[in-house]
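Chains as they are written, first to last, in the numbering used here: chain X, 1 to 531; chain C, 1 to 329. No residue lacks a Cβ here, since even glycine has one placed at the ideal position from N, Cα and C. Values in this document were obtained by computation on a predicted structure and should not be read as measured data.
In structure tokens, the structure reads:
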């Protein structure tokens with residue numbers, strides 16, 4: 001007997017509450033042809049989603065290299081895999097693969113490609129996936145269009161499927177086998193099965209992909225002739241390019257929040273968070289529990305009471321966010337609960353709790369001093385750190401901001417543990433076991449960013465994390481994650497303060513945009529341009 | 001010792017030999033300074049990726065040789081450099097020499113255009129201001145010079161973009177060419193020129209003000225010297241006096257400044273290339289610092305050191321050509 005799990009409905013309606021004004025259903029007649037020009041803030045350099053799990057990579061490669069399974073507003077949908085099922089013991093997951101699909105170089109897509117990519121890249125080289133697929137022992141191909149994933153310990157089908165849109169992109173075996181995978185030229189000139197074929201990557205400037213006339217969804221698709229991704233690092237210049245009509249979309253908060261707010265009032269653009277329901281992130285306050293002051297739960301609770309989250313959402317995130325409710329964001333669907341302890345903004349209560357914890361105000365006007373590292377992940381993480389300093393000053397805690405660039409932040413916080421508090425954001429990836437529970441699981445090796453490097457350990461939480469990762473019953477699994485979420489709010493190892501999706505500014509000449517919960521990472525086969 | 005070589009060649013050889021230890025010193029110091037910065041290429045890559053597990057990070061670090069002691073890394077790098085092998089960029093997954101050559105053309109084009117504009121307009125306006133000293137024209141030119149001098153290039157860049165791209169729609173916002181425009185021949189040349197107008201103006205105006213102010217001061221000084229008075233007494237016309245007597249002598253300090261400023265223009269191009277998304281060495285340098293792409297950054301510094309040495313040598317030669325009292329010894 002096998003467990004079947006398709007379609008897996010997600011409670012995305014809840015996430016939809018975050019969405020900005022919905023894009024109107026498109027009823028106009030589709031126009032074919034044209035070039036969509038997209039602004040990217042950072043250059044990705046490696047264009048292989050089987051080696052780099054990053055939304056920045058999918059933003060480009062999602063149109064060229066397709067995943068086995070994707071996510072729509074109706075749940076998980078077949079792409080290169082048409083069916084999926086699991087053995088009763090969870091040790092074997094079987095995928096039926098789509099027939100009649102060709103790689104862009106004309107070779108047929110088969111199970112050999114899936115098997116090769118899974119064993120050589122997903123298991124060995126792909127960030128996050130190498131932990132997820134650690135128990136993967138082999139991928140058998142009983143016929144060219146059936147793939148059987150064999151595990152040494154149970155792999156929940158729910159987790160496997162949820163991971164596939166991000167961590168399940170096969171690449172052509174015939175172009176990688178026998179080569180040095182990390183230095184294979186196709187890592188920067190990708191070959192996939194998607195609606196668009198890679199044409200050119202001009203370093204520092206742009207990537208171009210053009211229509212795949214042999215696309216498996218039929219001759220009708222894709223509608224566009226071409227997509228161009230332009231790398232524009234400076235947010236002001238990017239905003240100018242959008243206003244001047246040189247760019248059609250800026251995603252992942254590619255321009256300043258002030259410009260986003262300004263362009264919200266411009267009739268030429270759709271501005272909002274729709275299409276990012278699966279790409280939500282938490283803005284965090286991270287504690288170094290090696291500091292005895294911060295190891296005191298009462299101090300951490302008091303600091304949470306000192307933060308006016310609603311104010312921060314309105315002034316920093318311009319309303320495009322909502323308060324966090326612990327480890328798992330609302331995009332977690334069935335695994336999410338909001339039945340958790342919350343900490344209202346109450347500075348007087350915070351002061352009282354700090355007094356009770358044994359930290360009265362001293363002669364210098366402060367109770368204690370904290371060295372705080374803000375992540376340099378853009379404007380709002382910087383603003384969030386400045387707000388944190390300001391809010392802590394109100395409850396008489398002195399915060400010194402230690403400015404650093406990305407490698408400096410990652411080293412300072414996650415390797416050297418040279419901080420008292422830090423703030424950044426971390427993206428949720430469909431299932432808590434993919435990259436979220438590592439925030440609380442103890443025993444993470446030093447130097448592994450966005451994991452529990454906080455010197456915090458809790459046996460009950462560790463056990464819950466391990467059990468949930470291999471629980472095959474989705475209902476029991478959900479219960480475990482609800483409990484985990486409650487514990488994360490009670491024990492406060494980290495404050496998951498604000499839950500926010502990303503924001504896009506999109507020219508209204510683009511049609512059918514942001515119509516899936518991970519739209520910027522998806523294939524855009526049905527995107528068209530009204531020009 | 002000239003080994004029987006012509007003076008210019010002997011001088012070039014000597015300058016080259018002097019430059020070698022300077023460049024070695026620059027490279028070693030830069031390497032060590034970069035190593036002092038927190039984090040490395042793998043940290044930056046992992047940050048870009050949104051995270052990775054510890055085993056993955058350790059494997060990447062071993063593959064890039066970053067698990068070795070600093071002195072081992074330095075020795076390996078310098079040994080390769082001695083054979084002009086600039087190494088491999090782990091960020092771009094290409095040889096550094098290929099990455100640099102891709103970018104060099106844009107930067108040289110931007111620098112040549114900016115310095116030519118700044119130099120020619122600067123000396124012309126400086127000479128005019130000096131000849132009409134303390135007049136309305138002089139005041140106007142000097143005030144403009146002060147404004148250019150005091151306006152940062154990033155501000156000018158954004159101002160130009162707002163005015164000429166967003167409001168007037170005359171010029172492209174950025175890039176070096178129209179993407180997917182597929183222009184060839186003269187159309188391509190015109191397209192690139194259009195893309196370079198705003199960056200060139202933004203980069204050159206501050207240098208224009210330097211040359212203008214210096215030229216004004218030196219022309220005023222030279223015009224008062226005895227040989228000018230003598231030439232005028234012998235009946236030389238004002239134009240001839242200006243071109244052959246005053247400007248030729250007044251240009252000497254300006255040319256010195258030109259040589260010195262070559263390296264600072266390279267620095268200034270970082271900001272301008274970033275704002276206008278020009279794929280040049282400046283933008284590459286800025287990204288390489290953030291990415292901790294040591295090999296690429298070292299390659300840029302190596303290339304720039306050589307360019308500065310060559311330009312200084314050419315400045316000296318030009319200096320000697322303009323002033324016969326100076327010998328290349």
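Answer with yes or no whether the minimum CB distance from residue i to chain X is below 8 Å.
i                      : result
residue 48 of chain C  : yes
residue 18 of chain C  : no
residue 39 of chain C  : yes
residue 283 of chain C : yes
residue 7 of chain C   : no
residue 300 of chain C : no
residue 15 of chain C  : no
residue 322 of chain C : no
residue 24 of chain C  : no
Would you mind stating whether residue i and residue j have Cβ atoms separated by less than 8 Å?
i                      : j                      : result
residue 499 of chain X : residue 333 of chain X : no
residue 525 of chain X : residue 292 of chain X : no
residue 407 of chain X : residue 47 of chain C  : yes
residue 216 of chain C : residue 118 of chain C : no
residue 282 of chain C : residue 107 of chain C : yes
residue 422 of chain X : residue 477 of chain X : no
residue 126 of chain X : residue 189 of chain X : no
residue 161 of chain C : residue 237 of chain X : yes
residue 209 of chain X : residue 527 of chain X : no
residue 97 of chain X  : residue 431 of chain X : no
Is the CB of residue i under 8 Å away from at least one CB in chain C?
i                      : result
residue 228 of chain X : yes
residue 58 of chain X  : no
residue 405 of chain X : yes
residue 212 of chain X : no
residue 411 of chain X : yes
residue 46 of chain X  : yes
residue 421 of chain X : no
residue 341 of chain X : no
residue 131 of chain X : yes
residue 25 of chain X  : Its pLDDT being 46, under 50, residue 25 of chain X is placed unreliably by the model, and the measurement read from it follows with that caveat. Chain C contact via Cβ: absent.
residue 35 of chain X  : yes
Count the other CB atoms, across all protein chains shown, that sit within 10 Å of the CB of residue i; report buried if there are 16 or more and exposed otherwise.
i                      : result
residue 70 of chain C  : exposed
residue 293 of chain C : buried
residue 30 of chain X  : exposed
residue 224 of chain C : exposed
residue 84 of chain C  : exposed
residue 244 of chain C : exposed
residue 350 of chain X : buried
residue 2 of chain X   : Below a pLDDT of 50, predicted positions are generally treated as unreliable, and residue 2 of chain X, at 46, falls in that range; the measurement from the model is reported next regardless. Exposed, by the Cβ-count rule.
residue 264 of chain C : exposed
residue 266 of chain C : buried
residue 227 of chain C : exposed
residue 172 of chain X : buried
Check for me: the beta strand (DSSP E) holding residue i runs from which residue to which?
i                     : result
residue 35 of chain X : 35–40
residue 93 of chain X : 92–97
residue 75 of chain X : 75–78
Which first and last residues belong to the alpha helix (DSSP H) in which residue i is found?
i                      : result
residue 409 of chain X : 406–410
residue 249 of chain C : 248–275
residue 486 of chain X : 474–491
residue 281 of chain X : Taken as a continuous stretch (DSSP letters only), residue 281 of chain X belongs to no alpha helix (DSSP H), being part of the beta strand (DSSP E) at 281–287.
residue 382 of chain X : 379–394
residue 186 of chain C : 185–223
residue 55 of chain X  : 55–61
residue 110 of chain X : No alpha helix (DSSP H) holds residue 110 of chain X; DSSP gives it neither H nor E.
residue 234 of chain C : Taken as a continuous stretch (DSSP letters only), residue 234 of chain C belongs to no alpha helix (DSSP H), as it is neither H nor E.
residue 432 of chain X : 432–435
I'd like to know if residue i contacts chain A, where contact means its C-beta is closer than 8 Å to some C-beta of that chain.
i                      : result
residue 272 of chain C : Absent from the structure: chain A. Protein chains present are X and C.
When Cβ atoms are compared, which residues of the segment 165–197 of chain C fall closer than 8 Å to chain X? 165, 166, 169, 172, 173, 174, 175, 176, 179 and 180
If the cut-off is 7 Å on Cβ atoms, which residues from the segment 223–257 of chain X count as contacting chain C, listed in chain order? Contact residues of the segment 223–257 of chain X toward chain C are 226, 228, 230, 231, 232, 233, 234, 236, 237, 240, 241, 243, 244 and 246 (C-beta to C-beta distance below 7 Å).
At a CB distance below 7 Å, what residues from the segment 107–120 of chain C approach chain X? Give them in sequence order. none
Quick one, which residues of the segment 435–457 of chain X are near chain C if we go by CB-CB under 9 Å, in chain order? 435, 438, 444, 445, 446, 447, 448, 449, 450 and 451
With 8 Å as the C-beta to C-beta threshold (strictly closer), list the residues of the segment 186–210 of chain X near chain C in chain order. 187, 188, 202, 203, 204, 205, 206 and 208
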